[in-house]
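A short write-up of the structure that comes next.
Numbering (my numbering), first residue to last: 287 to 402.
As structure tokens, this is what we get:
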């Protein structure tokens, strides 16, 4: 088992979900149960899957949860691009979010490769 609270990917992803909540609070009210909800749930799933995976006894199980984490990251990337297409999100707000997300993906992938 790993101590998830000591993992940098968990710490970074814990900060990232807050960014998502803040930016989606600016989305139209009509998106409350659509894109806003999807983005928020996916952003919370990142640190949650890291924490749940860390509780597993085998590294193989933990690696599987990290795969799910990466999937959530790509889901968020797609949804952020759609939000930008819909003009819910300005390019200057999108770019920092995508950079943070890319960092989370890279760190998670690298960490996952050490679990083999």
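Beta carbons are placed, not taken as given, at the ideal position from N, Cα and C, and that holds for glycine.
From residue i to residue j, what does the alpha carbon distance come to, in whole angstroms?
| i | j | result |
| --- | --- | --- |
| residue 306 | residue 384 | 11 Å |
| residue 334 | residue 400 | 20 Å |
| residue 327 | residue 304 | 12 Å |
| residue 397 | residue 313 | 34 Å |
| residue 289 | residue 329 | 21 Å |
| residue 380 | residue 345 | 34 Å |
| residue 308 | residue 347 | 32 Å |
| residue 339 | residue 390 | 16 Å |
| residue 296 | residue 342 | 15 Å |
| residue 321 | residue 372 | 11 Å |
| residue 361 | residue 292 | 25 Å |
| residue 301 | residue 366 | 17 Å |
| residue 318 | residue 395 | 31 Å |
| residue 337 | residue 355 | 10 Å |
| residue 375 | residue 298 | 22 Å |
For residue i, which residues of its own chain have a beta-carbon under 8 Å away from its beta-carbon, when the five flanking residues on both sides are left out?
| i | result |
| --- | --- |
| residue 377 | 370 |
| residue 294 | 393 |
| residue 402 | 345 and 349 |
| residue 363 | 384 and 387 |
If I follow the unbroken alpha helix (DSSP H) through residue i, where does it start and stop?
| i | result |
| --- | --- |
| residue 319 | No alpha helix (DSSP H) holds residue 319; DSSP gives it neither H nor E. |
Specify the secondary structure class of residue i as computed by DSSP and reduced to three states.
| i | result |
| --- | --- |
| residue 344 | coil |
| residue 397 | helix |
| residue 376 | coil |
| residue 383 | helix |
| residue 325 | helix |
Is residue i close to chain B, meaning its C-beta is less than 7 Å from at least one C-beta of that chain?
| i | result |
| --- | --- |
| residue 308 | In summary, chain B is missing from the structure at hand, where a single protein chain is found. |
Would residue i be called buried (16 or more neighbouring beta carbons within 10 Å of its own) or exposed?
| i | result |
| --- | --- |
| residue 331 | buried |
| residue 358 | buried |
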